[in-house]
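Heads up, the sequence shown is in this note's numbering, so the first residue is 28 and it goes up one at a time. One structure is given below, encoded as structure tokens.
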Amino acid sequence: MKYYPMPENVKEQSKNARYSYTVLVNLYANQDSMEEYINRNVRIISDEKLAKDELAQRAANVVNGLIESRAEFKSYNQVQVVGITFANAYDSELK
């Protein structure tokens, strides 16, 4: 994974953590006979560099928490993670 210098807006969101990752999580959802795909952007922050497996697991955990707690997902019969894409990786110490 290639790391980029952290922009100011990401620094503010990252609460002084060294690394910030943007992960796109693709969900499959069905309700009765209707199917749809939903994308959620997830920001993962860490003081340690994360391997792809750990990053994917953390992003999936965040989205699973959203599925269980948000009303928008209550109407679906089934919601599952079907894809994870790593969009950005930032390192606050890069210049």
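In this text, a Cβ means the ideal position worked out from N, Cα and C, and glycines have one as well.
Per DSSP, reduced to three states, the secondary structure at E62 is strand. When the beta-carbon positions are compared, V90 and V109 stay at least 8 Å from each other. Y55 has Y64, Q107 as its beta-bridge partners, per DSSP. Per DSSP, reduced to three states, the secondary structure at R70 is strand.
Here S96 carries a helix assignment [DSSP, helix/strand/coil].
When DSSP states are grouped into helix, strand and coil, N115 belongs to the strand group. In terms of Cβ geometry, F113 and V50 form a close pair [threshold 8 Å].
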